[in-house]
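In our numbering, the protein residues as written are 7 to 475.
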């Protein structure tokens, strides 16, 4: 608690002395009487003080675990539990600097009688992580404003806003996979589902000979069944600098939201029995050698590895670290969507060679190095899910390369282009064109508006991807 006297009535004292001096100098009684007026204000400020105060504060959230990009309503109540009237009470809640207030205000200025309370309600935009609210700062001023007391209260109730949304309710719960962990193919062999018949060949198992056909025609034929191969889903998180932008100040970046969607998918697929590999582009410098392979890509493959979960969390943690660092310099200054970048100025966002540096089409018109490295690491019979804000053309080019190889693919894209400015509208148009191009290339496209939960979109689209033959 700090107590301070404010010399706001110093001009009154100067006026009193000036009028008194002039009255004595010129022997003018009117000036001497006039000096009483500013002197009254000086005395009023001198005797005015802040009464003893007993304030209690309580904070509550309408929900303590909102999803990233969602909102939480915060209610702060301040009560005068003392016996004195507080003529001037000013407070501001201890909102974490990382959270933006989107509606209402965490501030108030009121007068409180004994037993009276004031309630402040405002809405914050949730970002990934746990955020601790500090106690509200309160400043009490005397009736004359000549003394003020500043203190920080300990607020009871809710103090920590956690935006993690763990995968305890996977987005696949309403969908039944055709076979957990398997993918039907268009080739015949051993299996359960009938596929075709062919002429008997020496060495075919006797239990696959169609004896009924032999009884009817006298010819030996062999029954083939549809082969099944293990599903291997590869999650690709696009964490390149071009996506480290926000739709509005204080909102999560496109990379942060892409990582959140990928983490939800990773846990849900693992629960569904699908072998899931994780990789990310744009975070190589933030990862230890044990996670990054010789080709420079982080690659978390769960085959018989008990440490895969820890390495996956390391990758997600690295993505969250760089999500708010658009220039890689650690300044922490996040920009809003740049329409020139979103319009397709290259994967890196500037210059004709940016695509070759950060993913996209190389200057000579061929595939870029990043795409080649990803394609080289993809296992056979993989299906690829790319989580990207789609602010440049590299994800679309990558999806097209996957389509050439008949690889099942899906694009999950949080929309960070929402806004009312002409530049943001232009960025939204270019993103829509990229979504359409990815869909035309054969990808299942999930566009995630930030005002809707990600699970709602995944429940509709992910089962469709997993059930494709």
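Cβ coordinates follow ideal geometry from the N, Cα and C atoms, glycine included.
- Counting only the Cα atoms, residue 421 lies some 49 Å from residue 59.
- For the 8 Å CB-CB criterion, residue 390 and residue 413 form a contact.
- Its Cα nearest to that of residue 157, the residue 97 stands out among 97, 151 and 136.
- Listed in chain order, the non-local C-beta contacts of residue 104 below 7 Å within the same chain comprise 133 and 137, local neighbours out to five positions each way being set aside.
- Around the beta-carbon of residue 220, fewer than 16 other beta-carbon atoms lie within 10 Å, marking it exposed.
- Residue 64 sits close to residue 83, with the two beta carbons spaced by under 8 Å.
- Counting of Cβ neighbours within 10 angstroms places residue 224 among the exposed residues, the total staying below 16.
- Annotation: the stretch 12 to 96 contains the following complete segments of the alpha helix (DSSP H) (minimum length 4 residues), in chain order: 16 to 32, 35 to 40 and 42 to 53.
- Counting along the chain, residue 238 sits inside no alpha helix (DSSP H); it lies in the beta strand (DSSP E) bounded by residues 238 to 244.
- Under the DSSP assignment, residue 269 falls in the alpha helix (DSSP H) whose first and last residues are 260 to 277.
- Only residues of its own chain outside the window of five on either side were considered, and among them 297 have a CB closer than 6 Å to the CB of residue 320, listed in chain order.
- For residue 113, the closest alpha carbon among the candidates 143, 230 and 151 is that of 143.
- Counting along the chain, residue 142 sits inside the beta strand (DSSP E) bounded by residues 140 to 147.
- Across the structure, residue 227 and residue 209 are spaced so that their CA atoms are roughly 12 Å apart.
- Between the stretch 257 to 271 and the stretch 394 to 407 there are three or more C-beta pairs closer than 8 Å, enough to call the two in contact.
- Approximately 32 Å separates the beta-carbon atoms of residue 131 and residue 86; this is outside 8 Å, ruling out the contact.
- Counting of Cβ neighbours within 10 angstroms places residue 7 among the exposed residues, the total staying below 16.
- Judged by pairs of C-beta atoms under 8 Å, the stretch 153 to 168 touches the stretch 62 to 79, as three or more such pairs exist.
- DSSP places residue 315 in the uninterrupted alpha helix (DSSP H) bounded by 314 to 328.
- When the beta-carbon positions are compared, residue 242 and residue 281 stay at least 8 Å from each other.
- In this structure, DSSP gives residue 99 an extended state, which the three-state scheme calls strand.
- Residues 421 of the same chain have their beta carbon placed closer than 6 Å to that of residue 455, with the five preceding and five following residues left out of the count.
- Partner residues in the beta bridge of residue 419, as assigned by DSSP, are 453.
- Taking C-beta separations shorter than 8 Å and ignoring five residues to either side along the sequence, the partners of residue 294 in its chain run 320, following chain order.
- DSSP lists 228 as the beta-bridge partner residues of residue 204.
- The C-beta of residue 169 has 16 or more other C-beta atoms within 10 Å across all chains shown, which makes the residue buried.
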